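J.:
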Amino acid sequence: MQYRNLGKSGFKVSEIGVGCWQLGGDFGAMQAERAEAVLKQADACSINFWDTADVYGAGLSEQRIASHCTNYPCKQRIIATKVGRDSRLYPDNYSKAAIKANIEASLQRLKLESLPLIQLHCLPEPVLKAGDVLAYMEDFQQQGLIQHFGVSVETLDEALFAVKHPKLSSIQTIFNLFRQDHSSELFPEAQANNVGIIVRLPLASGVLAGKMKKDQVFSEQDHRNYNKDGEFFSVGETFSGVPFELAVELAEELKLLVPEGMSPAQMAMRWILDHAAVSSVITGASTAEQVKENASVSALKPLDKALHQKLSDFYFDKVKQHIRGVM
Ligand SMILES: NC(=O)c1ccc[n+]([C@@H]2O[C@H](COP(=O)([O-])OP(=O)(O)OC[C@H]3O[C@@H](n4cnc5c(N)ncnc54)[C@H](OP(=O)(O)O)[C@@H]3O)[C@@H](O)[C@H]2O)c1
Numbered sequence: 011m012q013y014r015n016l017g018k019s020g021f022k023v024s025e026i027g028v029g030c031w032q033l034g035g036d037f038g039a040m041q042a043e044r045a046e047a048v049l050k051q052a053d054a055c056s057i058n059f060w061d062t063a064d065v066y067g068a069g070l071s072e073q074r075i076a077s078h079c080t081n082y083p084c085k086q087r088i089i090a091t092k093v094g095r096d097s098r099l100y101p102d103n104y105s106k107a108a109i110k111a112n113i114e115a116s117l118q119r120l121k122l123e124s125l126p127l128i129q130l131h132c133l134p135e136p137v138l139k140a141g142d143v144l145a146y147m148e149d150f151q152q153q154g155l156i157q158h159f160g161v162s163v164e165t166l167d168e169a170l171f172a173v174k175h176p177k178l179s180s181i182q183t184i185f186n187l188f189r190q191d192h193s194s195e196l197f198p199e200a201q202a203n204n205v206g207i208i209v210r211l212p213l214a215s216g217v218l219a220g221k222m223k224k225d226q227v228f229s230e231q232d233h234r235n236y237n238k239d240g241e242f243f244s245v246g247e248t249f250s251g252v253p254f255e256l257a258v259e260l261a262e263e264l265k266l267l268v269p270e271g272m273s274p275a276q277m278a279m280r281w282i283l284d285h286a287a288v289s290s291v292i293t294g295a296s297t298a299e300q301v302k303e304n305a306s307v308s309a310l311k312p313l314d315k316a317l318h319q320k321l322s323d324f325y326f327d328k329v330k331q332h333i334r335g336v337m
């Protein structure tokens, strides 16, 4: 596993991280044994960057991480969690006291004294831009409640606003073969301001792994069922905003471009790592086998220039115009 700097935090994070939304059950129920197997495999693959949030399974994802870390102590792990989407805060109760209470609840669940990295979790744009919440983060940092802070965003505008904050360590954003825009405007700014880019949805909720069928049935608890067309949260999130059946068709077409010896999922993640501004790709995993395959991407050679050009042409010709939600 290779490691990269995470902006101003000084952390060296694994190029492939593990996204722990799945541990909370939003990709279908996950038994404790399988959750444990995912985290054990992350350790075995030297993945030291784990992304979660207070709301994933209403705290279950954080609790499962804490229980694993208690059973298998290790100083190298960097747990990044998020605050801001819990119903005690969202959409309009971002008082300092309320946010602090939520951070303290995460500390308790994670059994930590200080959070290595807290990310503001897709706050409503006016709340983020008012700046108060970012100022609270500076105070919490001074108090030692958190070590570093970043933002997780939906839009380029939000990212370009946050990137200028002098204390911001990271920006988490959607960036994948179906969502290529951020490399041109955001990434140079992030590098100029020493802000790490954390990439979520590298597989566009799994569809870029090329394993889904148009008539795929997702369980009731899976956001790929209940938020397929943005019914519960941003339409730009599930499947990266591409209508599902079209996403499956496009993923099938992309298979023709996959280099020999690679899987579609590996090509999709390698393409992201070929961007130097990216610190870590936090692929979500439902099984230990997926974690292993994802971690292997760090050892693969960069994709060649001709393939990069084809993947860019594919995006502009066939994908970009179909993306729903904000970009
Ligand atoms: N607003 C935010 O801040 C926000 C929003 C979304 C996600 N996130 C974070 O970002 C992480 C990643 O995003 P995501 O999980 O939504 O999307 P993703 O990483 O694009 O897709 C994850 C899904 O891809 C499939 N998968 C993973 N590895 C695979 C492999 N090697 N081969 C085949 N299929 C594979 C699995 O699907 P199956 O379950 O069907 O097997 C898995 O559930 C999340 O876990 C979460 O930590 C943050």
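Residue numbers (our numbering): 11 to 337. The C-beta atom is built at its ideal place from N, Cα and C for all residues, glycine as well. Note that the coordinates shown come from a computational prediction; the quantities given were computed from them, not determined experimentally.
Along the chain, where does the alpha helix (DSSP H) that runs through I333 open and close?
T.: What you label residue 333 is simply residue 323 of the sequence shown in a count that begins at 1. Taken as a continuous stretch (DSSP letters only), I333 belongs to no alpha helix (DSSP H), as it is neither H nor E.
J.: Taking the C-alpha atoms as reference points, what is the distance between A8 and R280?
T.: Because the chain is modelled from 11 through 337, residue 8 falls outside the range shown and cannot be assessed.
J.: By the 10 Å Cβ neighbour count, where 16 or more other Cβ atoms means buried, how is S179 classified, buried or exposed?
T.: Locating residue 179 in the sequence shown gives position 169, where the first residue counts as 1. It counts as buried.
J.: Would you check if the segment 234 to 241 and the segment 288 to 304 touch, i.e. whether three or more CB-CB distances between them fall below 8 angstroms?
T.: no
J.: Going by DSSP, what residues sit across from F159 in a beta bridge?
T.: Looking up residue 159 in the sequence shown gives position 149. I128, per the DSSP bridge assignment.
J.: To which residues of the same chain is I75 closer than 8 angstroms at the C-beta, ignoring the five residues directly before and after it?
T.: Here residue 75 refers to the residue found at position 65 of the sequence shown. Once the five neighbours on either side are set aside, the close Cβ partners of I75 are C30, L33, L49, W60, T62, I89 and L120.
J.: In terms of alpha-carbon separation, which member of T165, E72 and Y13 lies closest to C55?
T.: Taking the first residue of the sequence shown as position 1, residue 55 is located at position 45. Nearest option by C-alpha distance: Y13.
J.: Do N58 and ligand 1 come close, with the Cβ less than 7 angstroms from some heavy atom?
T.: Sequence index remark: in the sequence shown, residue 58 carries index 48 (1-based). No, the Cβ of N58 stays beyond 7 angstroms of every heavy atom of ligand 1.
J.: Taking 7 angstroms as the cut-off, is the CB of Q41 close to at least one heavy atom of ligand 1?
T.: Locating residue 41 in the sequence shown gives position 31, where the first residue counts as 1. Answer for Q41: no, Cβ out of range of ligand 1.
J.: So what does DSSP say about V258, is it helix, strand or coil?
T.: Within the sequence shown, residue 258 is the residue found at index 248, counting from 1. V258: helix per DSSP, three-state reduction.
J.: Given that a residue counts as buried once 16 or more other Cβ atoms are within 10 Å of its Cβ, and exposed if not, what is Q152?
T.: One-based indexing of the sequence shown puts residue 152 at position 142. Looking at its Cβ environment, which holds fewer than 16 other Cβ atoms inside 10 Å, Q152 is exposed.
J.: Residues in the same chain with beta-carbon distance under 7 angstroms from K302, minus the five sequence neighbours each way, listed in chain order, please.
T.: Stepping through the sequence shown from its first residue, residue 302 is reached at position 292. Q51 and C55.
J.: Are there any heavy atoms of ligand 1 lying less than 7 angstroms away from the beta-carbon of C84, as far as the coordinates show?
T.: If you number the sequence shown from 1, residue 84 lands on position 74. No, Cβ of C84 sits at least 7 angstroms from all heavy atoms of ligand 1.
J.: Give me, in chain order, the residues of the same chain whose beta-carbon lies closer than 7 angstroms to that of G251; leave out the 5 immediate sequence neighbours on both sides.
T.: As a first step, residue 251 is located in the sequence shown; it is residue number 241 there, counting from the start. Its chain contains V245, I333, R334 and G335 as the residues whose beta carbon lies nearer than 7 angstroms to that of G251, once the 5 sequence neighbours on both sides are disregarded; these appear in chain order.
J.: Identify which residue in A257, G38, G17 and S290 has its Cα closest to the Cα of S24.
T.: The sequence position of residue 24 within the sequence shown is 14, counting from 1. Looking at the Cα atoms, S290 is the closest of the given residues.
J.: Taking the alpha-carbon positions, what's the M40 to I207 distance?
T.: What you label residue 40 is simply residue 30 of the sequence shown in a count that begins at 1. What you label residue 207 is simply residue 197 of the sequence shown in a count that begins at 1. Taking the straight line from one Cα to the other gives about 28 angstroms.
J.: Let me check understanding here. Comparing Cα to Cα, which of A111, K174 and L211 lies closest to G340?
T.: It is not possible to answer for residue 340, since the shown part of the chain is limited to 11 through 337.
J.: If I measure Cβ to Cβ from A287 and keep anything under 6 angstroms in the same chain, skipping five residues before and after, which residues do I get?
T.: Your numbering for residue 287 matches position 277 in the sequence shown. Excluding residues within five positions, the ones whose Cβ falls inside 6 angstroms are F197, A200, Q201 and I207.
J.: Does N186 pass the burial test, meaning 16 or more other C-beta atoms within 10 Å, or should it be called exposed?
T.: Position 176 of the sequence shown holds residue 186. That one is buried.
J.: The alpha helix (DSSP H) spanning Q12 covers which residue range?
T.: On the sequence shown, position 2 is the one that residue 12 refers to. It is not in any alpha helix (DSSP H) - Q12 carries neither H nor E in the DSSP assignment.
J.: Beta-carbon separation of Q86 and L125 under 8 angstroms?
T.: Residue mapping note: residue 86 aligns to position 76 of the sequence shown, counting from 1. Residue mapping note: residue 125 aligns to position 115 of the sequence shown, counting from 1. It is not a contact, given that the beta carbons lie outside the stated cut-off.
J.: Go ahead and label Q190 buried or exposed: buried means 16 or more other beta carbons lie within 10 angstroms of its beta carbon, across all protein chains shown.
T.: Looking up residue 190 in the sequence shown gives position 180. That one is buried.
J.: What span of residues does the alpha helix (DSSP H) with F171 cover, start to end?
T.: Stepping through the sequence shown from its first residue, residue 171 is reached at position 161. Residues L166 to A172.
J.: Going by CA-CA distance only, name the one from G240, F150 and A305 that's closest to K110.
T.: Within the sequence shown, the letter at position 100 stands for residue 110. The shortest Cα separation from K110 among G240, F150 and A305 belongs to F150.
J.: Beta carbon of L321, beta carbon of L267: below 8 angstroms?
T.: Taking the sequence shown and counting its residues from 1, one reaches residue 321 at position 311. Taking the sequence shown and counting its residues from 1, one reaches residue 267 at position 257. Yes, the pair counts as a contact, with Cβ atoms nearer than the cut-off.
J.: Output the boundary residues of the alpha helix (DSSP H) element that contains S193.
T.: As a first step, residue 193 must be located in the sequence shown, where it is residue number 183. Residues H192 to A202.
J.: Find out if the Cβ-Cβ distance for the pair V217, A172 is shorter than 8 angstroms.
T.: As a working mapping, residue 217 is identified with position 207 in the sequence shown. As a working mapping, residue 172 is identified with position 162 in the sequence shown. No.
J.: Taking the straight line between their C-alpha atoms, what separation do you get for A45 and D232?
T.: Residue 45 sits at position 35 when you count from the first residue of the sequence shown. Residue 232 sits at position 222 when you count from the first residue of the sequence shown. Roughly 16 angstroms separates the two Cα atoms.
J.: Going by other Cβ atoms of all chains shown within 10 Å of its Cβ, with 16 needed for buried, is D327 buried or exposed?
T.: Taking the sequence shown and counting its residues from 1, one reaches residue 327 at position 317. Its Cβ having fewer than 16 others within 10 Å, D327 is exposed.
J.: Taking L170 as the reference, which of F188, A145 and L138 has the closest Cα?
T.: One-based indexing of the sequence shown puts residue 170 at position 160. Per the Cα distances, L138.
J.: Taking Cβ to Cβ, would you say V65 is nearer than 8 angstroms to Y104?
T.: Here residue 65 refers to the residue found at position 55 when the sequence shown is read from its first residue. Here residue 104 refers to the residue found at position 94 when the sequence shown is read from its first residue. Not a contact, by the Cβ cut-off of 8 angstroms.
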